[in-house]
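Shown next, in C-alpha coordinates, is the structure this report addresses.
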Amino acid sequence: MSSHWSVVKFVAHDKDGRYIPTRQGNRSFGWVQFSGPHNIHSEKVIKAAVNEHPERGSTKTRKVYGAVLYDTLGIILAKVKVKVIAQYHWETSDHKYKLADTDDKIGVITAFCQGANKCPDALNRV
(Lines of atoms letter the chains of each structure in order from A and count residues from 1; the text may use other names and numbers.)
(Lines give C-alpha, C1' and ligand atoms only; values in the text may rest on other atoms or scores of the structure.)
Protein backbone atom coordinates (compact mmCIF):
# COMPACT_ATOMS: atom_id res chain seq x y z
CA MET A 1 0.00 0.00 0.00
CA SER A 2 1.40 3.41 -0.91
CA SER A 3 1.55 6.32 1.51
CA HIS A 4 -1.24 8.86 1.60
CA TRP A 5 -0.46 12.05 -0.35
CA SER A 6 -0.41 14.18 2.82
CA VAL A 7 2.35 12.24 4.64
CA VAL A 8 5.31 14.56 5.31
CA LYS A 9 8.60 13.07 4.07
CA PHE A 10 10.79 15.88 5.45
CA VAL A 11 10.67 19.55 6.40
CA ALA A 12 12.75 22.59 5.49
CA HIS A 13 12.65 26.19 6.71
CA ASP A 14 13.42 29.19 4.57
CA LYS A 15 15.55 32.18 5.61
CA ASP A 16 12.39 33.89 6.88
CA GLY A 17 11.59 30.91 9.14
CA ARG A 18 8.68 29.56 7.08
CA TYR A 19 7.87 25.86 7.57
CA ILE A 20 8.01 24.21 4.11
CA PRO A 21 7.18 20.50 4.19
CA THR A 22 7.71 18.08 1.34
CA ARG A 23 4.83 15.63 1.29
CA GLN A 24 4.60 12.20 -0.31
CA GLY A 25 2.23 13.76 -2.83
CA ASN A 26 1.19 12.05 -6.05
CA ARG A 27 1.57 12.65 -9.79
CA SER A 28 0.20 16.18 -9.33
CA PHE A 29 2.58 17.45 -6.63
CA GLY A 30 5.09 16.57 -3.94
CA TRP A 31 7.88 13.97 -3.81
CA VAL A 32 6.17 11.60 -6.26
CA GLN A 33 5.68 14.42 -8.77
CA PHE A 34 9.31 15.59 -8.95
CA SER A 35 11.55 12.73 -7.78
CA GLY A 36 11.09 10.53 -10.84
CA PRO A 37 10.37 12.91 -13.72
CA HIS A 38 12.87 15.58 -12.64
CA ASN A 39 15.55 13.22 -11.22
CA ILE A 40 15.75 14.79 -7.75
CA HIS A 41 16.26 11.98 -5.25
CA SER A 42 17.96 13.76 -2.35
CA GLU A 43 16.07 15.73 0.27
CA LYS A 44 19.26 17.79 0.68
CA VAL A 45 18.62 19.31 -2.78
CA ILE A 46 15.21 20.59 -1.70
CA LYS A 47 16.44 21.76 1.69
CA ALA A 48 19.35 23.67 0.12
CA ALA A 49 17.07 25.50 -2.30
CA VAL A 50 14.40 26.28 0.31
CA ASN A 51 17.06 27.54 2.72
CA GLU A 52 16.97 30.88 0.87
CA HIS A 53 14.65 33.86 0.77
CA PRO A 54 11.76 33.43 -1.68
CA GLU A 55 12.51 34.83 -5.11
CA ARG A 56 10.74 37.68 -6.88
CA GLY A 57 7.41 36.53 -8.19
CA SER A 58 6.50 34.81 -4.94
CA THR A 59 3.13 35.63 -3.42
CA LYS A 60 1.59 35.21 0.03
CA THR A 61 0.59 31.61 -0.75
CA ARG A 62 3.03 30.61 -3.53
CA LYS A 63 6.75 30.67 -2.75
CA VAL A 64 9.45 30.26 -5.39
CA TYR A 65 12.96 29.28 -4.31
CA GLY A 66 16.07 28.89 -6.41
CA ALA A 67 19.65 27.83 -5.79
CA VAL A 68 22.82 26.72 -7.49
CA LEU A 69 24.22 23.86 -5.41
CA TYR A 70 27.86 23.36 -4.47
CA ASP A 71 29.74 20.39 -3.03
CA THR A 72 31.77 20.58 0.20
CA LEU A 73 34.77 21.92 -1.72
CA GLY A 74 32.75 24.81 -3.15
CA ILE A 75 32.53 23.30 -6.63
CA ILE A 76 29.24 23.67 -8.49
CA LEU A 77 27.56 20.24 -8.58
CA ALA A 78 25.68 20.84 -11.79
CA LYS A 79 25.55 23.94 -13.96
CA VAL A 80 21.84 24.32 -13.41
CA LYS A 81 19.65 26.26 -11.04
CA VAL A 82 17.26 24.22 -8.91
CA LYS A 83 13.82 25.76 -8.59
CA VAL A 84 11.36 24.75 -5.88
CA ILE A 85 7.73 25.86 -5.96
CA ALA A 86 5.86 25.63 -2.65
CA GLN A 87 2.23 26.19 -1.74
CA TYR A 88 2.32 28.14 1.53
CA HIS A 89 -1.31 27.45 2.31
CA TRP A 90 -3.43 24.58 3.67
CA GLU A 91 -4.90 23.78 0.25
CA THR A 92 -3.59 23.61 -3.29
CA SER A 93 -4.30 26.52 -5.60
CA ASP A 94 -6.65 24.35 -7.69
CA HIS A 95 -8.57 23.45 -4.46
CA LYS A 96 -8.26 19.69 -5.21
CA TYR A 97 -6.19 18.92 -2.09
CA LYS A 98 -6.91 20.22 1.39
CA LEU A 99 -5.36 19.59 4.78
CA ALA A 100 -7.57 19.10 7.83
CA ASP A 101 -5.52 21.61 9.82
CA THR A 102 -5.92 25.05 8.24
CA ASP A 103 -2.72 26.21 10.00
CA ASP A 104 -0.68 23.55 8.17
CA LYS A 105 0.97 24.03 4.78
CA ILE A 106 0.83 21.90 1.63
CA GLY A 107 4.50 22.69 0.97
CA VAL A 108 6.55 21.67 -2.04
CA ILE A 109 4.49 21.34 -5.21
CA THR A 110 7.38 20.69 -7.58
CA ALA A 111 11.13 20.98 -7.95
CA PHE A 112 13.13 21.00 -11.17
CA CYS A 113 16.32 22.15 -12.83
CA GLN A 114 15.74 25.36 -14.75
CA GLY A 115 16.39 24.90 -18.46
CA ALA A 116 16.66 21.09 -18.30
CA ASN A 117 14.16 18.27 -18.79
CA LYS A 118 15.85 16.26 -16.03
CA CYS A 119 18.32 17.29 -13.37
CA PRO A 120 21.81 15.83 -13.79
CA ASP A 121 22.69 12.87 -11.53
CA ALA A 122 25.51 14.93 -9.99
CA LEU A 123 22.94 17.15 -8.31
CA ASN A 124 21.88 14.32 -5.99
CA ARG A 125 25.39 14.17 -4.52
CA VAL A 126 24.85 17.38 -2.54
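Okay, so the sequence shown: first residue is 429 according to my numbering, each after it adds one.
The beta carbon of each residue, even a glycine, is placed where N, CA and C say it ideally should be.
What you are looking at is a predicted structure, and each value in this text was computed from that prediction instead of being measured.
| Query | Result |
| --- | --- |
| Nonlocal neighbours in the same chain, by C-beta distance under 8 angstroms from I504, ignoring five residues either side | V496, L497 and Y498 |
| Backbone secondary structure at Q461 - three-state DSSP | helix |
| Cα-Cα separation between V492 and G543, rounded to whole angstroms | 16 angstroms |
| Residues near M429 by beta carbon distance below 7 angstroms, same chain, minus five either side | Note on M429: pLDDT 46, under 50, position unreliable in the model; no value is reported. |
| Short Cβ contact (7 angstroms threshold) for G485 with A514 | no |
| Chain B contact for V496 (CB, 7 angstroms cutoff) | In summary, chain B is missing from the structure at hand, where a single protein chain is found. |
| Where V512 falls: helix, strand or coil (DSSP) | strand |
| V473 versus N552: straight-line alpha-carbon distance, rounded | 7 angstroms |
| Residue nearest to S434 in terms of C-alpha spacing, selected from L501, V460, G494 and K475 | V460 |
| P482 versus P465: straight-line alpha-carbon distance, rounded | 24 angstroms |
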